[in-house]
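Here the structure comes first, spelled out in structure tokens, and everything after it is commentary.
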Amino acid sequence: VNLALTEEQQFVKQTFAAIFGKEASPERVRAAEPLGHDSALWKRMIETGALGVGVAEDTGGGGGGMLELALIAEEAGRRVAPIPFAEPAAAVRVLAACGATDLLREALAGDRMVSLACKPMAVEHQILAHGAIADVVVALESDRIVAIHRPRQVRPISNMGGLPIARWGELGEVQVLAGGEDSGRRFAAALDEVRVLRAAALVGLASEAIEIGAAYAREREAFGIKIGTYQAVAHPLADALVAKDGAQILVWKACWALNEGLPNAPALAAMAYVFAAETAYAAAQHSLHIHGGYGFTIECDIQLYYRRAKSWVTAFADPERELDLLADRTFGPSRKILRNALTSVTHGSE
Amino acid sequence: MDFYEPEHLKDIRNQAEAFVAEHITPEMVEEELRSGDGVSRPLLQAMGAKGWVAPMWPKEEGGAGLDPFETAAMLAVIRGAGGPTVGPGTTMLSANAIRALGSPELRDRILPDVAAGNTLICLGYTEPEGGSDVFACKTRSVRDGDEWIVSGQKMFTTFAHRADYCFLLTRSDAESRGPHGLTMFLMPMGTRGIECQLLRTMGYERTNIVFYNDVRVSDELRVGDAGQGLHVMRAALEAEQNVAPASRTTQLYDAAVTWARQTPLEDRGDTMLDDPLVRNRLARLAVDAEVAELLGIRVGFFEQLGAKPGPHAALFGPEAYVAWSKEMVDVVGPGALADWTDPEAVLAGVFEYHFRCAVASTIYGGSSEVLRSLIAEELLGLPRSRPKS
Numbered sequence: 001v002n003l004a005l006t007e008e009q010q011f012v013k014q015t016f017a018a019i020f021g022k023e024a025s026p027e028r029v030r031a032a033e034p035l036g037h038d039s040a041l042w043k044r045m046i047e048t049g050a051l052g053v054g055v056a057e058d059t060g061g062g063g064g065g066m067l068e069l070a071l072i073a074e075e076a077g078r079r080v081a082p083i084p085f086a087e088p089a090a091a092v093r094v095l096a097a098c099g100a101t102d103l104l105r106e107a108l109a110g111d112r113m114v115s116l117a118c119k120p121m122a123v124e125h126q127i128l129a130h131g132a133i134a135d136v137v138v139a140l141e142s143d144r145i146v147a148i149h150r151p152r153q154v155r156p157i158s159n160m161g162g163l164p165i166a167r168w169g170e171l172g173e174v175q176v177l178a179g180g181e182d183s184g185r186r187f188a189a190a191l192d193e194v195r196v197l198r199a200a201a202l203v204g205l206a207s208e209a210i211e212i213g214a215a216y217a218r219e220r221e222a223f224g225i226k227i228g229t230y231q232a233v234a235h236p237l238a239d240a241l242v243a244k245d246g247a248q249i250l251v252w253k254a255c256w257a258l259n260e261g262l263p264n265a266p267a268l269a270a271m272a273y274v275f276a277a278e279t280a281y282a283a284a285q286h287s288l289h290i291h292g293g294y295g296f297t298i299e300c301d302i303q304l305y306y307r308r309a310k311s312w313v314t315a316f317a318d319p320e321r322e323l324d325l326l327a328d329r330t331f332g333p334s335r336k337i338l339r340n341a342l343t344s345v346t347h348g349s350e
Numbered sequence: 001m002d003f004y005e006p007e008h009l010k011d012i013r014n015q016a017e018a019f020v021a022e023h024i025t026p027e028m029v030e031e032e033l034r035s036g037d038g039v040s041r042p043l044l045q046a047m048g049a050k051g052w053v054a055p056m057w058p059k060e061e062g063g064a065g066l067d068p069f070e071t072a073a074m075l076a077v078i079r080g081a082g083g084p085t086v087g088p089g090t091t092m093l094s095a096n097a098i099r100a101l102g103s104p105e106l107r108d109r110i111l112p113d114v115a116a117g118n119t120l121i122c123l124g125y126t127e128p129e130g131g132s133d134v135f136a137c138k139t140r141s142v143r144d145g146d147e148w149i150v151s152g153q154k155m156f157t158t159f160a161h162r163a164d165y166c167f168l169l170t171r172s173d174a175e176s177r178g179p180h181g182l183t184m185f186l187m188p189m190g191t192r193g194i195e196c197q198l199l200r201t202m203g204y205e206r207t208n209i210v211f212y213n214d215v216r217v218s219d220e221l222r223v224g225d226a227g228q229g230l231h232v233m234r235a236a237l238e239a240e241q242n243v244a245p246a247s248r249t250t251q252l253y254d255a256a257v258t259w260a261r262q263t264p265l266e267d268r269g270d271t272m273l274d275d276p277l278v279r280n281r282l283a284r285l286a287v288d289a290e291v292a293e294l295l296g297i298r299v300g301f302f303e304q305l306g307a308k309p310g311p312h313a314a315l316f317g318p319e320a321y322v323a324w325s326k327e328m329v330d331v332v333g334p335g336a337l338a339d340w341t342d343p344e345a346v347l348a349g350v351f352e353y354h355f356r357c358a359v360a361s362t363i364y365g366g367s368s369e370v371l372r373s374l375i376a377e378e379l380l381g382l383p384r385s386r387p388k389s
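Protein sequence lines, in the order shown, are assigned to chains A and B. If you count by this note's numbering, then the first sequence holds residues 1 to 350, one letter each, in order. If you count by this note's numbering, then the second sequence holds residues 1 to 389, one letter each, in order.
The following block contains the structure:
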């Protein structure tokens, strides 16, 4: 067991902490709403090579793994940086695995933004996490991994999370990247990477939400004393801190298990996602609450965190459904649920 | 970053399993369930012979030179087999403080027998009017030549009736209040004037109220300087808060999965593991058990580096354990209510047992409220919430 980051990993963490600290200020985050995309920051990310950190060096990447990506995601989350990260970082790894060298090169160069279509339904029925800004989404359709190009008309959806979400009602050009048995497994692995990287971002979000709340509780006075003195204010922040540190180490374990290709990696990815989702919301909710009415005003930074703590989760998946997935991965499928599904299919055909 | 279990953990686990097979009998386990003493002298001595009472001490001192992970793995096997380990576990808290702060004479006199499993030391902090507030200590100690005279009353002194010594916190300065003017002693429990009164708990444990009626104790058995009891106690308390407890939530999870796998749901060959509501709960339990384990690993890792990890594991683990001990009774149903003495008991009454025991775990290693305040003050920089004394 070794929980220490290597010098190189610490360097990655510090570098991106500095970049997001400077270029994802609350002003920049606000300015990027409602579309939720800061193209100058995205350009900066491309320059740093952050997107390709998880791609092998001989295919133009940084030769790192999931942990390095998670460290970047966590720092992005800490500043609620208005750029996509989890899906594009997982997408380039799919492109590399499929040998889609042209598209991979374009993605890493920032010529095309490539994201993923993560919902288990046809692409044209999904609200795509980066539909408003992506040039290409990688999807699984009929057991093939496909790259779908952006249609001419896309309407961004005005939303509470400052997210670049949109539907692609009709699809652009569809390019088959890979077929065969491996495709489903490969795409599922990409979704697990998204789970873990989204969880890492939520850990960063929770971390800063706690700090914003603690900073306020250290200064604000009510009834003649600092409100942080009151245990009803302080104790939920302590619980949030413990949960945040637990979520972080769970994310790191999931990264390690994915890197090593361990059989329990998919279960750990689902665990990290569920736990980070609940942790981030609880942290942001309490932190906003202790600000009293101020936390509710648009000037207060904590509301930026509160809205994203929920939106970043909902844009990907309902945590209760992720628990079902975790159960399937841990205990195998439920015979009862399968039988009921079969019965309804049979009845439907009669 | 690496979460692989080190290879040598297998060795220690194998050794512990062989040890269990040899030394832990069904009679011993049943005796512990009936008595609730948390102590078995034969087990203690057998552990001592392996260096496992003080597993992290070097072999020259009677320990086994184990690291925190090996220690946790070894103890988990012994506890998992139902061996009573409260005695040695509690003894080590004060033994570590004596090792750090006791006089050379005291260390030589006490510690070899502790490590060998001949000596048990109970903890005498809590009083009727002071639980989490240990510094509300009223038990008096008065110097009389080469001796001290102690009088007062302590609460919840587990295995006092079986112990050789009590690590006893007293107030030596009558004028002092709070954390000042305290002196720690190692009180021989056979001394005249000590009276143990049985106190049963709902968690299959026996504890004691202990009365000290003008009890004489030699100054040689003072631990640390007179008036410096706070310092001595802090050394022992930190050991208690940072100790990586084998996660009870994982034990509960393992029992829950075993039950779900072997319990029929309907007459179609399904088990409880096929039921959506059971699966949902077990998946959630799996997440909390994993987090509790990882926070425990975090404690072990930081301790190895000589850093202080904070009481995360001591807060999260027991809170999760209480929540899930309650939830599992709902999941399992009326069969979970039957206790270990009844043939209807589910898995030998494991869910009834955990439900009864869990609630104490958020109290005795520092109550959850005290731990949250520590985190708020030390890690979040919030003002102190308790009045300064």
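Glycine is no exception: its CB is placed at the ideal position from the N, C-alpha and C atoms. The structure presented is a predicted model; accordingly, all values stated were derived computationally and were not measured.
- At a cut-off of 3 residues, the continuous stretches assigned as beta strand (DSSP E) that sit fully inside the region 58-135 of chain A are 114-116.
- Close partners of A/LEU35 in chain B (Cβ separation under 7 Å) are lacking, with about 34 Å as the shortest Cβ gap.
- By the criterion of at least three beta-carbon pairs nearer than 8 Å, the region 33-52 of chain B is not in contact with the region 217-230 of chain B.
- Secondary structure of A/THR279 (DSSP, three-state): helix.
- By the neighbour-count definition (other C-beta atoms within 10 Å, threshold 16), B/THR362 is a buried residue.
- B/GLU290: member of the alpha helix (DSSP H) spanning 276-304, first to last residue.
- Each residue's CA atom was taken as its position, placing B/ALA283 and B/PHE69 some 26 Å apart.
- Residue-level contact check: A/LYS253 touches chain B, since one or more beta carbons of chain B fall below 8 Å from its beta carbon.
- For B/ASP144, the beta-bridge partners assigned by DSSP are B/GLU147.
- Beta-carbon to beta-carbon, B/GLY381 and A/ARG218 are separated by about 6 Å, close enough to satisfy the 8 Å threshold.
- Within the same chain, and ignoring the five residues on either side of A/GLU33 in sequence, the residues whose Cβ sits closer than 6 Å to its Cβ are GLY162.
- DSSP places A/LEU3 in the coil class of the three-state scheme, outside both helix and strand.
- One finds MET1 in chain B with Cβ atoms closer than 7 Å to the Cβ of A/LEU67, taken in chain order.
- Counting along the chain, the unbroken beta strand (DSSP E) around A/VAL174 starts and ends at 174-178.
- Only residues of its own chain outside the window of five on either side were considered, and among them LEU237, ALA240, LEU241, LYS244, ALA283, SER287 have a CB closer than 7 Å to the CB of A/ILE210, listed in chain order.
- Contact residues of the region 227-238 of chain B toward chain A are absent (C-beta to C-beta distance below 9 Å).
- Each of B/THR139, B/LYS326, B/LEU186, B/ALA163 was checked against the Cα of B/TYR253, and the nearest Cα belongs to B/LYS326.
- The three-state secondary structure of B/CYS166, taken from DSSP, is strand.
- In the structure shown, A/GLY49 adopts coil according to DSSP, grouped into three states.
- With a cutoff of 8 Å on beta-carbon distance, A/GLY65 and A/ASN259 are scored as near each other.
- Between A/GLN126 and chain B, the shortest Cβ-Cβ separation is not below 8 Å.
- Counting along the chain, the unbroken alpha helix (DSSP H) around B/HIS8 starts and ends at 7-23.
- In this structure, A/SER115 lies away from A/ILE145, with their beta-carbon atoms at least 8 Å apart.
- Distance from A/CYS255 to A/LEU67 at the Cβ level is roughly 4 Å; contact confirmed, criterion being Cβ atoms closer than 8 Å.
- At a C-beta separation below 8 Å, B/ASP274 has these neighbours in chain A: SER334, ARG335, LYS336, ILE337.
- Assignment of B/ASP2 by DSSP, reduced to helix, strand and coil, places it in the strand class.
- Interface annotation, B/GLU303: not in contact with chain A, CB-CB separation never under 8 Å.
- Look at A/PHE16: its C-beta is not under 8 Å from any C-beta on chain B.
- Contact check for B/SER172 against A/ALA234 fails: the beta carbons are separated by 8 Å or more.
- Non-local beta-carbon contacts of B/ALA236 in its own chain, meaning distances under 6 Å to residues more than five positions away in sequence, involve LEU93, SER94, ALA97 in chain order.
- Taking a 10 Å sphere around the C-beta of A/ILE302, we find 16 or more other C-beta atoms and assign the residue as buried.
- Within the region 179-247 of chain B, the complete alpha helix (DSSP H) runs of at least 4 residues fall at 229-242.
- Three or more beta-carbon pairs separated by less than 8 Å are not found between the region 164-173 of chain A and the region 188-198 of chain A, which leaves the two stretches without contact.
- According to the DSSP secondary-structure assignment, B/CYS122 is paired through a beta bridge with B/CYS166.
- Remark: C-beta atoms of A/ARG44 and A/ILE19 approach each other more closely than 8 Å.
- According to the DSSP assignment, B/VAL359 belongs to no beta strand (DSSP E) but to the alpha helix (DSSP H) extending over 350-361.
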